[in-house]
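Student:
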Amino acid sequence: MQRPCAGAGRTSGTGMMPAPDGVLHPRMADAGVPARSAVRHALQHCLALLVLLCTVLLPVPGWSQDVAIPQLSGRVLDRTATLNAEQQRQLTEKLAALEQESGAQIAVLIVPTTGDDSIEQYAVRAFETWKLGRKDVDDGILVVVAKDDRAMRIEVGYGLEGVVTDTRASRIIREQMAPRFAQGDFAGGLHGAVEQLALLVRTGELPAPQGQPSGESSDSSGESWGVGLLESLVLLVILVFKAVPGPIAGVAIFFLTGSIWLGIGAAVLVMVLNQLLHRVQGTAVRRGGSSRGGFSSGSWGGRSSGSSRGGGFRGGGGRSGGGGASGRW
């Protein structure tokens with residue numbers, strides 16, 4: 000009978016277990032196993048981090064850059080060639096006369112589309128860029144028409160929100176702009192809107208619509224207060240999500256929980272919610288009239304400060320908080 004090998008049943012000094020064929024193999028409990036496991040986990044984390052970066056950096060279908068705001072070169076800017084030269088001249092003369100008389104600035108902007116922005120968001124961006132109205136008086140108004148989107152907006156400066164209220168701006172859109180735009184009469188709709196806005200700036204009142212008593216313009220502010228409060232709460236949620244972009248949320252969750260997958264999920268969730276809220280905001284504002292909610296009555300009036308002197312029309316430093324109304328045709 001053959002004796003077993005002298006080293007059988009013992010391990011070598013190198014931590015290897017001899018096999019029957021005399022070849023040394025690593026034991027399962029060898030220290031190399033945890034090392035390989037650590038490497039594997041590190042690779043998994045690197046792969047997950049790569050997925051997170053791809054999620055953050057790759058473009059999402061339907062998301063694109065904002066449509067640029069054109070440079071303010073006149074009271075009427077038509078980027079669609081909808082108005083002829085005579086129609087633009089007539090509108091410009093009306094707006095210049097109003098500014099000379101009251102100091103208030105009204106501008107008209109016609110663009111093909113607002114892109115991924117809602118008409119409300121685009122109007123606010125344009126107003127902030129142009130700064131219509133006098134500084135600290137904020138008596139500017141911007142009329143925006145997105146022709147291909149079939150959308151329109153009257154954006155009102157802080158100082159005129161007590162006169163050109165959301166309800167009145169909505170009425171001007173419904174009665175003057177939408178019906179004429181639907182018939183292709185863009186010049187007529189804009190002339191009607193400008194005349195009504197100028198009347199409000201001068202007198203603080205609109206004529207009563209046919210079949211309605213002239214006391215219409217009390218504006219039922221108490222009735223709209225609850226709607227304004229609800230819209231303000233909705234906008235607060237929107238602002239919170241917009242203040243924390245998806246990538247930041249994902250990185251924060253990763254560091255808080257140590258889970259890369261939770262970080263990826265948080266980043267994707269916040270980006271999707273941002274896109275949904277982007278659309279909800281536009282819908283809510285079109286229904287309620289105001290993209291800010293609430294009511295603000297600032298002081299206004301006085302003579303023109305000459306913000307359009309020195310060759311070329313320009314804003315005077317006014318601000319808008321989102322008051323006004325939107326509509327479609």
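Numbered per numbering that gives the first Met the number 0, the sequence shown spans residues 0 to 328. Backbone N, C-alpha and C define an ideal beta-carbon position, used for all residues, glycine too. Quantities reported herein were computed from a predicted structural model and do not represent experimental measurements.
#1: Could you give the first and the last residue of the continuous alpha helix (DSSP H) run that contains Q70?
#2: I'd like to know if the stretch 164-182 and the stretch 76-85 are in contact, where contact means that at least 3 CB-CB pairs between them fall below 8 Å.
#3: By the three-class DSSP mapping on this structure, what secondary structure does E160 have?
#4: If I'm right that V250 touches G264 with Cβ under 8 Å, what's the distance once you round it to whole angstroms?
#5: Contact defined as beta carbons within less than 8 Å: I believe V107 pairs with L90. What is the distance between those atoms, to the nearest angstrom?
#6: Measuring straight from C-alpha to C-alpha, what distance separates E322 and W260?
#7: So what does DSSP say about A80, is it helix, strand or coil?
#8: Ignoring anything shorter than 4 residues, give me the alpha helix (DSSP H) runs that lie fully in the stretch 117-158, in order along the chain.
#9: Is the shortest distance between the beta-carbon of K130 and the beta-carbons of chain C less than 9 Å?
#10: Where do the ends of the alpha helix (DSSP H) carrying R170 lie?
#11: Using DSSP with H/G/I as helix, E/B as strand and the rest coil, what is E327?
#12: Select from V144, S258 and A125 the residue whose C-alpha is nearest the C-alpha of L71.
#13: Once the 5 residues before and after D116 are set aside, which same chain residues still bring their CB inside 8 Å of it?
#14: Do you know how far the Cα of K93 is from the Cα of R152?
#15: Give every residue of the same chain whose Cβ lies closer than 6 Å to the Cβ of D184, excluding the five residues on either side of it in the sequence, and list them in chain order.
#16: Can you list, in chain order, the residues of its chain whose CB lies under 7 Å from that of V193, leaving out five sequence neighbours each side?
#17: Within this structure, are the beta carbons of A168 and L141 separated by less than 9 Å?
#18: Under 9 Å, do I150 and I118 count as touching if we go by C-beta distance?
#19: Keeping to the same chain, check which residues put their C-beta closer than 7 Å to that of Q87; ignore five residues upstream and five downstream.
#20: Taking 9 Å as the cut-off, decide whether the C-beta atoms of L189 and V163 are in contact.
Tutor: The short version:
#1: Under the DSSP assignment, Q70 falls outside any alpha helix (DSSP H); it carries neither an H nor an E label.
#2: Short answer: they don't touch.
#3: Coil at E160, not helix or strand.
#4: Rounded to whole angstroms, the Cβ separation of V250 and G264 is 13 Å, and the two are not in contact under 8 Å.
#5: So it is a contact: roughly 6 Å between Cβ atoms.
#6: For the record, residue 322 in the displayed sequence is Gly; it is not Glu. Between G322 and W260, the C-alpha separation is close to 42 Å.
#7: Note: A80 maps to coil in three-state DSSP.
#8: Here the runs fully enclosed are 118-129.
#9: The question asks about chain C, but that chain is absent: this structure has only one protein chain.
#10: That run of the alpha helix (DSSP H) goes D165 to I171.
#11: The displayed chain sequence assigns Arg, not Glu, to residue 327. Here R327 carries a strand assignment [DSSP, helix/strand/coil].
#12: Ranking the options by Cα distance to L71, first place goes to A125.
#13: Excluding residues within five positions, the ones whose Cβ falls inside 8 Å are D65, V66 and R124.
#14: So the alpha carbons of these two residues sit roughly 19 Å apart.
#15: The answer is none, since no qualifying residue turns up.
#16: Sequence-distant partners of V193 (beyond 5 residues in either direction) whose C-beta falls short of 7 Å from its own C-beta, in its chain, are L90, K93, L94 and I105.
#17: No; because the gap between Cβ atoms is not below 9 Å, this pair is not in contact.
#18: Residue identity differs from the one stated: residue 150 is Ala in this sequence, not Ile. In this structure, A150 lies near I118, with their beta-carbon atoms less than 9 Å apart.
#19: The residues are V75 and D77.
#20: Going by C-beta atoms, L189 is not nearer than 9 Å to V163.
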